[in-house]
Amino acid sequence: MDPLTSRSIRELRELLDQREVSALEVARAHLERIEAVDESTVRSLLTVTRDVAEEQARRADERLANGDTQPLLGIPMILKDVLTTRGIRTTAGSKILENFVPIEDATISRRLAEAGTVLLGKANMDEFAMGSSTENSAYFPTRNPWDLDRVPGGSSGGSAAAVGAEFAPFALGTDTGGSIRQPGALCGVVGFKPTYGRVSRYGLIAFASSLDQIGPFTRSVEDCALVMNAIAGHDPCDSTSLQASVPDYTAALREVSLKGVRLALPREYFSVEGMEPSVDASVKASIAHLESLGANLGEVSLPHTQYGLATYYLIAPAECSANLARYDGVKYGLSIREPGAGLWDVYERSRGAGFGREVKRRIILGTYALSSGYYDAYYLKAQKVRTLIKQDFDAVFEKFDAVVGPTSPNVAFPLGAKTQDPLAMYLNDLFTIPTSLAGLPGVSVPAGMVDGLPVGLQIIGKALDESTVLRIAHAFEQSTEWHTLRSPVAQRVVSRESRAGSPI
Ligand code: GLN
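For the record, in the sequence shown the residue sitting at position 142 is 142 according to my numbering, with numbers rising by one throughout.
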């Protein structure tokens with residue numbers, strides 16, 4: 001029978017509820033798989049939290065024995081290492097936080113712990129979530145579970161690769177300009193970015209505060225809805241958290257027909273320069289499939305799409321330059337103090353040694369864009385264009401229920417292919433950045449294979465209408481086979497784990 005590690009949240013829930021396995025057995029099967037496979041293959045994790053996992057699993061078993069029926073009770077998971085965890089090192093993929101052990105949980109880490117999930121480890125990422133390949137991690141690059149010579153995407157590449165390698169049924173990532181959807185697409189898993197403000201950012205180490213949003217990676221849309229049920233909702237600790245009520249996201253999945261659903265195809269997202277023709281063709285085939293499920297398609301224009309990247313690369317660096325000022329060698333993390341050195345010297349040496357090249361590049365860009373004399377020309381202008389981009393979507397949503405298109409212009413690329421060319425790297429987020437600037441929810445679902453590598457279909461919804469996005473994604477998934485394909489790393493058998501998979 002299938003090992004425990006290949007099971008969905010839904011399947012694990014049934015096994016746990018029927019006492020066919022214990023939460024401790026589920027946790028150990030995943031930990032053993034991670035310990036046997038991760039290091040020599042994808043390297044998705046910066047920290048494995050075996051002791052915490054076993055302790056949480058034991059507590060989950062007690063709660064199960066007492067009749068607790070929380071949907072995520074006893075389910076193992078992985079957190080991107082930008083989400084603070086009390087007593088567990090949290091690095092944000094940076095040397096400057098190499099030894100940072102938070103004294104508090106992020107709201108989301110706490111909520112998941114209270115829901116009874118079991119933390120297996122902290123996932124690798126581009127430093128401070130800046131990147132599209134996880135090669136900007138200060139520790140090591142993560143590799144793609146479909147091809148170890150290729151990147152998993154980024155910045156949440158560790159979380160995406162871990163789910164694609166079957167180290168956990170779900171992981172959380174963060175998306176500022178595409179960092180959940182793009183690695184989701186490249187690793188062949190579901191990657192969901194909720195509406196800005198839907199999930200609390202409290203305790204998420206900030207990159208660009210007006211864009212950052214936490215969301216799940218899973219291997220099915222139903223699992224994604226289950227995780228969203230646990231993490232969405234208002235948090236008084238986060239002033240940008242929305243007060244809106246949260247629906248049961250699994251309820252939206254009952255409707256499997258797409259009859260009458262109006263889907264917009266933006267002209268700017270197809271057959272454009274820089275897009276791989278095979279990816280373009282694969283996404284078009286998926287869209288024809290949506291039509292066969294009853295959806296009504298219409299071509300639209302999002303005319304300011306071409307300014308998305310330029311706008312994002314002013315706003316995100318501007319916000320990061322302010323957010324990263326707190327790493328000064330005094331308050332947090334790495335501190336380099338030569339005897340007799342002045343305060344300025346401490347700043348310079350600590351930041352100089354603690355931050356990587358991409359982070360420094362962005363701090364410099366952002367500081368420049370915000371400086372007096374340039375503020376109006378760059379930052380203010382970018383904010384205005386951001387409004388225009390949002391208005392493009394508003395106009396489309398007057399007539400359509402969702403926007404569909406590619407997640408990424410390409411499949412996973414070889415390690416090192418774009419590290420010397422930041423612009424080529426930035427182009428990966430062509431189709432995800434406008435959604436982030438507009439604060440909208442979006443998902444990437446497995447929707448094809450090109451040369452043995454996964455392709456993602458992106459579905460974008462109205463603000464707070466995650467349910468429609470999930471419904472469309474689910475209807476697509478349930479009528480296609482793409483989500484059932486397993487990556488080569490996922491198929492590696494770990495012998496002890498297989499034994500743990502047999503019913504007791
Ligand atoms: N790749 C984009 C960047 O480098 C997006 C990152 C993200 O969403 N965190 O900024």
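We put the CB at the ideal spot given by N, CA and C, even for glycine.
Burial state of residue i, where buried means 16 or more other Cβ atoms lie within 10 Å
i       : result
Tyr-375 : exposed
Ile-103 : exposed
Ala-57  : buried
Ala-463 : buried
Asn-144 : buried
Trp-146 : buried
Gly-188 : buried
Trp-482 : buried
Ala-162 : buried
Asn-66  : exposed
Arg-13  : buried
Val-494 : buried
Gly-416 : exposed
Pro-503 : In this prediction, Pro-503 scores a pLDDT of 42, lower than 50, which makes its location untrustworthy; no coordinate-derived value is stated.
Arg-19  : exposed
Ser-132 : buried
Leu-4   : buried
Lys-193 : buried
Gly-274 : exposed
Ser-245 : exposed
Ile-287 : buried
Ser-156 : buried
Leu-485 : exposed
Lys-384 : exposed
Residue interval of the alpha helix (DSSP H) (run including residue i)
i       : result
Thr-367 : 357–370
Phe-476 : 466–478
Ser-444 : Taken as a continuous stretch (DSSP letters only), Ser-444 belongs to no alpha helix (DSSP H), being part of the beta strand (DSSP E) at 442–450.
Asn-229 : 221–231
Lys-284 : 277–292
Glu-273 : It is not in any alpha helix (DSSP H) - Glu-273 carries neither H nor E in the DSSP assignment.
Ile-108 : 107–114
Gly-184 : 181–187
Gly-308 : 308–323
Ala-65  : 50–65
Val-507 : No information on residue 507 is available, as it lies outside the stretch 1 to 504 that the chain covers here.
Leu-423 : 422–426
Ala-162 : 157–164
Nearest-angstrom beta carbon gap, residue j and residue i [assumed within contact, 8 Å]
i       : j       : result
Leu-83  : Thr-91  : So it is not a contact: roughly 11 Å between Cβ atoms.
Asp-126 : Thr-134 : 6 Å
Ala-123 : Leu-64  : About 27 Å separates the two Cβ atoms, so there is no contact after all.
Leu-120 : Val-48  : 7 Å
Leu-258 : Leu-293 : 4 Å
Asp-238 : Arg-201 : 5 Å
Leu-430 : Leu-309 : 7 Å
Ala-490 : Glu-222 : Actually they are not in contact, since the Cβ atoms of Ala-490 and Glu-222 sit about 19 Å apart, beyond 8 Å.
Asp-346 : Leu-186 : The sequence as given places Val at residue 346; Asp does not occur at that position. Going by Cβ atoms, the distance from Val-346 to Leu-186 rounds to 40 Å, so no, they are not a contact pair.
Met-77  : Ala-160 : Met-77 to Ala-160, Cβ: 13 Å. No contact.
Ser-44  : Asp-38  : 6 Å
Phe-140 : Ser-94  : The Cβ separation is near 13 Å, so there is no contact.
Gly-177 : Ile-433 : 5 Å
Gly-456 : Ala-447 : 6 Å
Range of the contiguous beta strand (DSSP E) that encloses residue i
i       : result
Gln-391 : From DSSP, Gln-391 is part of no beta strand (DSSP E) but of the alpha helix (DSSP H) over 381–397.
Leu-15  : Element bounds for Leu-15: not the beta strand (DSSP E) but the alpha helix (DSSP H), 9–17.
Arg-262 : 262–266
Asn-296 : 296–300
Leu-172 : 170–175
Pro-434 : Taken as a continuous stretch (DSSP letters only), Pro-434 belongs to no beta strand (DSSP E), being part of the alpha helix (DSSP H) at 433–438.
Gly-352 : Not the beta strand (DSSP E): Gly-352 falls in the alpha helix (DSSP H), residues 343–354.
Pro-339 : Per DSSP, Pro-339 belongs to no beta strand (DSSP E) and is neither H nor E.
Ala-402 : 402–406
Gly-456 : 453–461
Gly-93  : Segment: none, Gly-93 is in no beta strand (DSSP E) and carries neither H nor E.
Lys-193 : 190–193
Lys-122 : 118–123
Pro-76  : 76–80
Gly-215 : 213–218
Review point. Hey, is the stretch 213–227 in contact with the stretch 8–27, meaning 3+ C-beta pairs nearer than 8 Å?
Key: Contact holds: three or more Cβ-Cβ distances are below 8 Å.
Check your understanding: With a cut-off of 8 Å, do at least 3 Cβ pairs link the stretch 396–409 to the stretch 282–302?
Key -> Between the stretch 396–409 and the stretch 282–302, the count of Cβ pairs shorter than 8 Å is three or higher; the stretches touch.
Exercise for review: Count the CB pairs spanning the stretch 368–385 and the stretch 312–329 that are closer than 8 Å, and state whether there are at least three.
Suggested key: At 8 Å Cβ cutoff, the stretches touch.
Point to revise | At least three beta-carbon pairs within less than 8 Å, the stretch 459–477 to the stretch 396–403 | key: Yes: the two stretches touch, three or more of their Cβ pairs being nearer than 8 Å.
Exercise for review: Would you check if there are 3 or more beta carbon pairs closer than 8 Å linking the stretch 322–337 to the stretch 352–360?
Suggested key: The stretch 322–337, when compared against the stretch 352–360, does touch it at the 8 Å Cβ threshold.
Check your understanding: With a cut-off of 8 Å, do at least 3 Cβ pairs link the stretch 204–218 to the stretch 244–262?
Key -> No, the stretch 204–218 is not in contact with the stretch 244–262.
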